[in-house]
Amino acid sequence: MPGLFSRYLKYGWRFFSATALLVLILWLVYISLEQTYIFHWNQALRSLHNYNQGLKITLSISLISMFVSLGLGIIIAMGRLSRWTIVRDLSGVFVHSLRNLPFIVVVLLFYFGLRQAFPIDRLFSPWRRVEIWGVPIFDGRFIWGVLALSIFEASFIAEIFRGGIQAIHKEQGEAARSLGMSYFQSMRYVILPQAFRVIIPPLTNELVALVKESSLLFIISLEELTQTARLQYSTGRPFVFEYYTILAAYYLMLTIPLSILSHFLERRLAVGDRNR
Amino acid sequence: MIEIVEVHKWFGRLYVLQGINLQVDEREVLVIAGASGSGKSTLLRCVNGLEKIQRGQITVNGISIQDSKSNLNRARQQIGIVFQNYNLFPHMTVLKNITIAPVKVKRMRTEEAKKRAMHLLERIGIPEKAKSYPEQLSGGQRQRVSIVRALAMEPTVMLFDEPTSALDPEMIKEVLDLMKELAQEKMTMIVVTHEMGFAREVADRVAFMADGQIVEVAPPAQFFEHPQDERARRFIEQIL
Ligand SMILES: Nc1ncnc2c1ncn2[C@@H]1O[C@H](COP(=O)(O)OP(=O)(O)OP(=O)(O)O)[C@@H](O)[C@H]1O
Ligand SMILES: [Mg+2]
Numbered sequence: 017m018p019g020l021f022s023r024y025l026k027y028g029w030r031f032f033s034a035t036a037l038l039v040l041i042l043w044l045v046y047i048s049l050e051q052t053y054i055f056h057w058n059q060a061l062r063s064l065h066n067y068n069q070g071l072k073i074t075l076s077i078s079l080i081s082m083f084v085s086l087g088l089g090i091i092i093a094m095g096r097l098s099r100w101t102i103v104r105d106l107s108g109v110f111v112h113s114l115r116n117l118p119f120i121v122v123v124l125l126f127y128f129g130l131r132q133a134f135p136i137d138r139l140f141s142p143w144r145r146v147e148i149w150g151v152p153i154f155d156g157r158f159i160w161g162v163l164a165l166s167i168f169e170a171s172f173i174a175e176i177f178r179g180g181i182q183a184i185h186k187e188q189g190e191a192a193r194s195l196g197m198s199y200f201q202s203m204r205y206v207i208l209p210q211a212f213r214v215i216i217p218p219l220t221n222e223l224v225a226l227v228k229e230s231s232l233l234f235i236i237s238l239e240e241l242t243q244t245a246r247l248q249y250s251t252g253r254p255f256v257f258e259y260y261t262i263l264a265a266y267y268l269m270l271t272i273p274l275s276i277l278s279h280f281l282e283r284r285l286a287v288g289d290r291n292r
Numbered sequence: 295m296i297e298i299v300e301v302h303k304w305f306g307r308l309y310v311l312q313g314i315n316l317q318v319d320e321r322e323v324l325v326i327a328g329a330s331g332s333g334k335s336t337l338l339r340c341v342n343g344l345e346k347i348q349r350g351q352i353t354v355n356g357i358s359i360q361d362s363k364s365n366l367n368r369a370r371q372q373i374g375i376v377f378q379n380y381n382l383f384p385h386m387t388v389l390k391n392i393t394i395a396p397v398k399v400k401r402m403r404t405e406e407a408k409k410r411a412m413h414l415l416e417r418i419g420i421p422e423k424a425k426s427y428p429e430q431l432s433g434g435q436r437q438r439v440s441i442v443r444a445l446a447m448e449p450t451v452m453l454f455d456e457p458t459s460a461l462d463p464e465m466i467k468e469v470l471d472l473m474k475e476l477a478q479e480k481m482t483m484i485v486v487t488h489e490m491g492f493a494r495e496v497a498d499r500v501a502f503m504a505d506g507q508i509v510e511v512a513p514p515a516q517f518f519e520h521p522q523d524e525r526a527r528r529f530i531e532q533i534l
């Protein structure tokens, strides 16, 4: 297949040249920085173990929030499609008010606002110091971080689910109901499995967004990656450029594989309904 | 067996069923004909509760369709319906399409359901397609699978909504033949179709719908030779 091969060659070449160009530009910036700024990579890299600890927190808070927001998202999507007007309106208001807020405002509102009114983290205070895999999951900041992140993301995920469910022809649901299935059986066996295929690409994108948004939790001094990077700075070690470059590298390590996965799934699901 | 009494149905301002009265006896095959938009599909969909009626009564096997929901799921297990566009589940194999409802709704054991499904597939001559997906079948095969999918629930009534209109001419026969077999086995059937040959040969009675009403019901010979209603007469002239 010469056509296919030359296409890969072309894309390979373009990818290679773009990367080379970028490296060149970065190198030039680096050189010019070196005139005024002294790099301390060796010393900066010595705090990698701190970053690894931050990575654990970012990873676990993202993973937990993913599951919570997926579950919540499905429920809200069902609400948006409910037969009852009041349920539709309530979930509509929920989705639209959260979607249109900046995440940082949600975090502030939850942690400094709602926590005063509903101090649910106090219920867990006996286990405040319990750590699982080095992560203090009963810590108030962690709990409220998960809450803010999952509830905020649930509003986006709900809309993705709603779109997916609506993309499945209503005839599919009718066929299922005609066979005697209940509403929930038709959702579970017929609609949702098909909706999932449609929404996997946008859903993966949303999960990338979730990982990135978790960085804003530094504002409640949760020691995830971003906060960790900020804490490395001290008068004795003012290596700001190094610390934040390492931080960026950590995030890319998390998000680029997810993005590639999303791209891959998109391609695969688009090709045909099924290639087994 | 199926009793439709004074049924009225409207979509907003569109008055689709304007007082339908119809009785279908056990083992009877009723063909419904009528112009496009006269409400044939809507009537069928009301019979298995996919559409809610605004007035009247529909009873199938003594279960009232418009009453409570728990009844409706139970009633639907006895009412098979076959749509024009097959509506097979594209993410399931042919076998799974057939077994899913008996297993999940009737709580039949999976092995048992599979065995029965294979019998049904053998009956329509495509047991080798059990592991295929619907998109890998021809239109005629899809429609026959959707018929046996309904049969797997062992319904006492089968509804057909233009089961052959989406098919290429050479595939129409295989579907009609299967329906004929069902009729010979004395399945109670309501068939909406434009296949007048089928109506002549298989139907016990033909009902003609126009403007949301059933304007004529007669045995096929009488319906085709001596239609009483003017609109039925014109319809027959057009079709023959
Ligand atoms: N869900 C709906 N909402 C609004 N109008 C509808 C709906 N379903 C059907 N109708 C309208 O009701 C009328 C009857 O439709 P129906 O599908 O029952 O006709 P039909 O006799 O089956 O026609 P055809 O032969 O084309 O299938 C049509 O005018 C159609 O547009
Ligand atoms: Mg129709």
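Sequence order for the protein chains is P and D.
The first sequence begins at 17 in this note's numbering and counts up by one.
The second sequence begins at 295 in this note's numbering and counts up by one.
For glycine and all other residues, C-beta sits at the position ideal for the given N, C-alpha and C.
The beta strand (DSSP E) with residue i in it runs from where to where?
i, result
"K303 (chain D)", "I296 to F305"
"R349 (chain D)", "R349 to V354"
"L316 (chain D)", "L308 to V318"
"G374 (chain D)", "I373 to V376"
"E510 (chain D)", "Q507 to A512"
"V123 (chain P)", "Not the beta strand (DSSP E): V123 (chain P) falls in the alpha helix (DSSP H), residues F119 to L124."
"V206 (chain P)", "That residue, V206 (chain P), is in no beta strand (DSSP E); it is neither H nor E in DSSP."
"I54 (chain P)", "First-last for I54 (chain P): undefined, no H or E at that position."
Below 8 Å on the Cβ atoms is my guess for residue i versus residue j; work out the distance and round it to an integer in Å.
i, j, result
"L366 (chain D)", "L337 (chain D)", "Contact doesn't hold; Cβ gap of about 17 Å is too wide."
"A369 (chain D)", "F529 (chain D)", "So it is not a contact: roughly 32 Å between Cβ atoms."
"E147 (chain P)", "I176 (chain P)", "Their Cβ separation, rounded to whole angstroms, is 34 Å, which puts E147 (chain P) and I176 (chain P) out of contact at 8 Å."
"L493 (chain D)", "V325 (chain D)", "A quick correction: the sequence has Ala, not Leu, at residue 493 (chain D). Right, the Cβ-Cβ distance comes to about 4 Å (below 8 Å), so this counts as a contact."
"L476 (chain D)", "M465 (chain D)", "Actually they are not in contact, since the Cβ atoms of L476 (chain D) and M465 (chain D) sit about 18 Å apart, beyond 8 Å."
"F502 (chain D)", "M473 (chain D)", "Actually they do not touch by this definition, with Cβ atoms about 20 Å apart."
"I92 (chain P)", "F110 (chain P)", "6 Å"
"A446 (chain D)", "P396 (chain D)", "5 Å"
"Q243 (chain P)", "N66 (chain P)", "Rounded, the Cβ-Cβ distance is 10 Å, inconsistent with contact."
"I272 (chain P)", "A245 (chain P)", "Their Cβ separation, rounded to whole angstroms, is 18 Å, which puts I272 (chain P) and A245 (chain P) out of contact at 8 Å."
Could you spell out where the alpha helix (DSSP H) holding residue i opens and where it closes?
i, result
"I153 (chain P)", "No alpha helix (DSSP H) holds I153 (chain P); DSSP gives it neither H nor E."
"G108 (chain P)", "T101 to R115"
"E448 (chain D)", "Counting along the chain, E448 (chain D) falls outside any alpha helix (DSSP H), and DSSP gives it neither H nor E."
"V338 (chain D)", "With the sequence shown as reference, residue 338 (chain D) is identified as Leu, and Val is not the correct amino acid for it. K334 to V341 is the extent of the alpha helix (DSSP H) around L338 (chain D)."
"G252 (chain P)", "Where G252 (chain P) is concerned, there is no enclosing alpha helix (DSSP H), given that its DSSP letter is neither H nor E."
"I326 (chain D)", "Careful: I326 (chain D) lies outside any alpha helix (DSSP H), inside the beta strand (DSSP E) at V323 to G328."
"R528 (chain D)", "E524 to I533"
"N379 (chain D)", "Neither: N379 (chain D) is in no alpha helix (DSSP H) and is coded neither H nor E."
"M197 (chain P)", "Neither: M197 (chain P) is in no alpha helix (DSSP H) and is coded neither H nor E."
"S85 (chain P)", "L64 to R96"
When we look at the beta-carbon of residue i and count the other beta-carbons within 10 Å, is it buried (16 or more) or exposed?
i, result
"H413 (chain D)", "exposed"
"I41 (chain P)", "exposed"
"S278 (chain P)", "buried"
"T220 (chain P)", "buried"
"H520 (chain D)", "exposed"
"F134 (chain P)", "exposed"
"E456 (chain D)", "buried"
"E240 (chain P)", "buried"
"F172 (chain P)", "buried"
"N381 (chain D)", "buried"
"D289 (chain P)", "Because D289 (chain P) sits at a pLDDT of 49, beneath the cut-off of 50, its placement in the model cannot be relied upon, and the following sentence gives the value as read from the coordinates. D289 (chain P) should be labelled exposed."
"R438 (chain D)", "buried"
"Q532 (chain D)", "exposed"
"L415 (chain D)", "buried"
"A526 (chain D)", "buried"
"K423 (chain D)", "buried"
"P514 (chain D)", "buried"
"T404 (chain D)", "exposed"
Which whole runs of the alpha helix (DSSP H) in the segment 467 to 498 of chain D are 4 residues long or more, in chain order?
-> 490 to 496
Would you call the segment 123 to 141 of chain P and the segment 184 to 199 of chain P touching, i.e. three or more CB-CB distances under 8 Å?
-> no
Whole alpha helix (DSSP H) runs in the segment 129 to 192 of chain P with 4 or more residues, listed along the chain?
-> 156 to 183
Are there three or more Cβ pairs, one per stretch, closer than 8 Å when the segment 310 to 325 of chain D is compared with the segment 262 to 280 of chain P?
-> no
Would the segment 373 to 390 of chain D and the segment 424 to 440 of chain D be scored as touching if the rule is three or more Cβ pairs under 8 Å?
-> yes
Cβ pair count under 8 Å reaching 3, the segment 223 to 243 of chain P against the segment 149 to 162 of chain P = yes
Enumerated in chain order, which unbroken segments of the beta strand (DSSP E) with a length of 3 residues or greater are wholly contained in the segment 385 to 470 of chain D?
-> 451 to 455
Hey, is the segment 246 to 255 of chain P in contact with the segment 86 to 93 of chain P, meaning 3+ C-beta pairs nearer than 8 Å?
-> no
Would the segment 120 to 127 of chain P and the segment 94 to 106 of chain P be scored as touching if the rule is three or more Cβ pairs under 8 Å?
-> no
Is it a yes or a no for the segment 162 to 171 of chain P touching the segment 181 to 191 of chain P, going by three-plus beta-carbon pairs under 8 Å?
-> no
Inter-stretch contact at 8 Å, needing at least 3 Cβ pairs: the segment 343 to 355 of chain D / the segment 299 to 310 of chain D = yes
Identify every run of the alpha helix (DSSP H) within the segment 213 to 253 of chain P, keeping only runs that are complete inside it and at least 4 residues long; order them along the chain.
-> 241 to 248
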